[in-house]
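For reference, the structure discussed in these notes is given below.
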Amino acid sequence: MKWKGKWLANLALTGSLLSAVFAANAAEKPNILVIFGDDIGYFNLSAYNQGMMGYETPGIDRIAKEGALFTHAYGEQSCTAGRSAFALGQHPFRTGLLTVGMPGSEHGIPDWAPTIGDVMKQQGYTTGQFGKNHLGDRDKHLPTKHGFDEFFGNLYHMNAEEEPETYYYPKDPEFRKKYGPRGVIHSYADGRVEDTGPLTRKRMETIDDELVQATENFIDKAHKNDKPFFIWFNSTRMHVWTHLKKESEGKTGIGLYPDGMVEHDGQIAQLLKKLDDLGIADNTIVIYTTDNGAQKLSWPDGGTSPFYGEKGTSNEGGHRIPLLVKWPGVIKPGSRYNNMIAHNDWMPTLAAAAGDNTLVADLAKGAERNGKEWRVHLDGYDFLPFFKGEAKDSPREEYFYFSMGGDLDAIRWKDWRLSFANMEGDFSTAVRTVSNVPTLTNLKADPFQTARKESQASRRWSSDQAWLLVPIQAKVKAFLATIPQYPFQEGMSLNVANINYQSLGLKKTLMNLQQAKQPAAN
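With my numbering applied, the sequence shown covers 944 to 1465.
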């Protein structure tokens, strides 16, 4: 029958046209692969150390060769803070996520804060998160409750995961149920949540292989369905304590950390190869970075950074991170950026890349994303016009250094760092001291903060720059002015040393004031 053959031919043609349309729509929006290492030092990548440390990271370095290397990138001072800044686009002081998240805690990502997953879902992306999340212990905190279609990973820092295997950890099942770490979670946006078992020391040897495989499966599925993907891959390397599989041990002949870095580099190379094999590398933005500055106190199972201080402190070494970005058609291969950029800049920047270039202004007024109304203040800046050469100057001029306890210890404005308090010591022992006059550093002239301790002329030099105090403090005032205008969550603290009769009395006074504001009952 001729009509039947003609109908089938038309149907096939229609199907081909629809497939072409879907493929074109997917191609219009770039895929996005964001890769986080964990506690990896600025100097632990050969793209930064130029081979000085005796091992190479060619897989990760490839991102810099095909894109850009950043020298003034900022994370935050802790795992949770750095990840929340990226995921929420807000400073973690606002969201109460400055301190390391702990097993059994009710504290986590607030439900009033949209995530980068919500933003990408609005633009038609399929969203996946794989690896360490560290934004809350409960089901309500899982990424699949906050804009992600699929999550497979762990919820805490690695040393917390292995605490149940230590000598003094309580054997009481009820204690473990209430305060112990959950296992590696596999969850979906439809509400399914599976605990795939604990992240034991033995499983730590190969957990990143599991994460890579799950990520590749997600990429394959998105590619098959002609859907643009947004993936946040969070490696467990190189957080303490490092447990390597036998074939990774001794690879460099230098030590445990270098051996782990070589293993980690191979896994990143594997993800990049997946993009190559599918022919989608030229339409995929790839970002490699880490959450916070290097943890040096645990060396030789610790990172390396030339910056003063380490993870958990408000010094440059606590906040400065490696950042490599490959962005085909936007960032020229082999580029280097000496401009300040921070984790919370990626939410508006990647939103713009996906087609949402009014995100910051929209959310400030109140807007819908992913089927929900939000009204929040984003602290990030859209870097897309700058990367494309449409804007001459980088949009970020300031960066705020908050401690895990919520103290504003310093601010950077352009090249100048003004420290209201100084921290001496490591993650565990750091002591915060407040001087009568803030300490000034020019981070281009003295990038490693050595002048204050090593130069006899630094005090005279600082006094000549007193003119900076007023314009810099104006930036602080502008930031703090936005706090009461938008949702806010108070953070938790690992140290309760400030609790005393005075603080309890102040709390009681505040409660009385709140009650006085309420209308009397009839």
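Even glycine gets a Cβ: it sits at the ideal position worked out from N, Cα and C.
Query                                                                                                                                                                            : Result
According to DSSP, Trp-1242 sits in a beta bridge with which residue or residues?                                                                                                : Answer is none; Trp-1242 lacks a bridge partner.
For Asp-1352, count neighbouring C-beta atoms within 10 Å of its own C-beta (all shown protein chains included) and say buried if the count is 16 or more, exposed if not.       : buried
What first and last residue would you give for the beta strand (DSSP E) that runs through Arg-1279?                                                                              : 1278-1285
Would you list, in sequence order, the uninterrupted beta strand (DSSP E) runs of no fewer than 3 residues that lie entirely inside the stretch 1098-1179?                       : 1128-1131, 1136-1138 and 1172-1177
Which same chain residues end up closer than 8 Å to Lys-1331 when comparing Cβ atoms and leaving out the 5 residues on each side of it in sequence?                              : Val-1273
Is DSSP giving Tyr-1344 helix, strand or coil here?                                                                                                                              : strand
Please identify the residue among Glu-1153, Ala-1417 and Ile-1174 whose C-alpha is closest to the C-alpha of Thr-1070.                                                           : Ile-1174
Using the three-state DSSP reduction, which class does Leu-1199 fall into: helix, strand or coil?                                                                                : helix
Does Gly-1448 come out as helix, strand or coil in the three-state DSSP assignment?                                                                                              : helix
Taking just the CA atoms, how far does Phe-1326 sit from Lys-1335?                                                                                                               : 11 Å
Quick one: grab the DSSP three-state call for Ala-952.                                                                                                                           : Unreliable placement is indicated for Ala-952, whose pLDDT of 48 sits below 50; the coordinate value is still reported in the next sentence. Here Ala-952 sits in helix by DSSP.
Just verifying my parser: in three-state terms, what is the DSSP assignment at Pro-1271?                                                                                         : coil
Hey, would you say Val-1136 sits closer than 8 Å to Asp-1082, going by beta carbons?                                                                                             : yes
Within 10 Å of its beta-carbon, does Ile-1426 have 16 or more other beta-carbons around it, so buried, or fewer, so exposed?                                                     : exposed
In the structure shown, what three-state DSSP assignment does Met-1366 receive?                                                                                                  : strand
Smallest Cα separation from Glu-1192: which of Asp-1115, Met-1147 and Gly-1203?                                                                                                  : Gly-1203
Comparing alpha-carbon positions, which option in Leu-1383, His-1262 and Asn-992 lies nearest Phe-1343?                                                                          : His-1262
With distance defined between alpha-carbon atoms, name the residue in Gln-1399, Val-1319 and Ala-1409 nearest to Leu-1361.                                                       : Ala-1409
Just to confirm, is the Cβ distance from Gln-1238 to Phe-1391 under 8 Å?                                                                                                         : no
Measure the alpha-carbon distance for Ser-1048 versus Met-1347 and round it to whole angstroms.                                                                                  : 16 Å
Helix, strand or coil for Arg-1355? Go by DSSP, reduced to three states.                                                                                                         : strand
If contact is defined by three or more beta carbon pairs under 8 Å, each pair taking one atom from either stretch, is the stretch 971-980 in contact with the stretch 1295-1307? : yes
Between Thr-1014 and Arg-1026, what straight-line distance do the alpha-carbon atoms span, to the nearest angstrom?                                                              : 20 Å
Please state the DSSP three-state secondary structure of Arg-1500.                                                                                                               : Only positions 944 to 1465 of the chain appear in this structure, which leaves residue 1500 out of reach.
If we count the other Cβ atoms within 10 Å of its Cβ and call it buried at 16 or more, is Asp-1004 buried or exposed?                                                            : buried
According to DSSP, simplified to helix, strand and coil, what is Arg-1081?                                                                                                       : coil
Please name the residue in Glu-1206, Ser-1130 and Tyr-1122 whose C-alpha comes closest to that of Ile-1150.                                                                      : Glu-1206
For the beta strand (DSSP E) containing Glu-1316, list its first residue and its last residue.                                                                                   : 1315-1317
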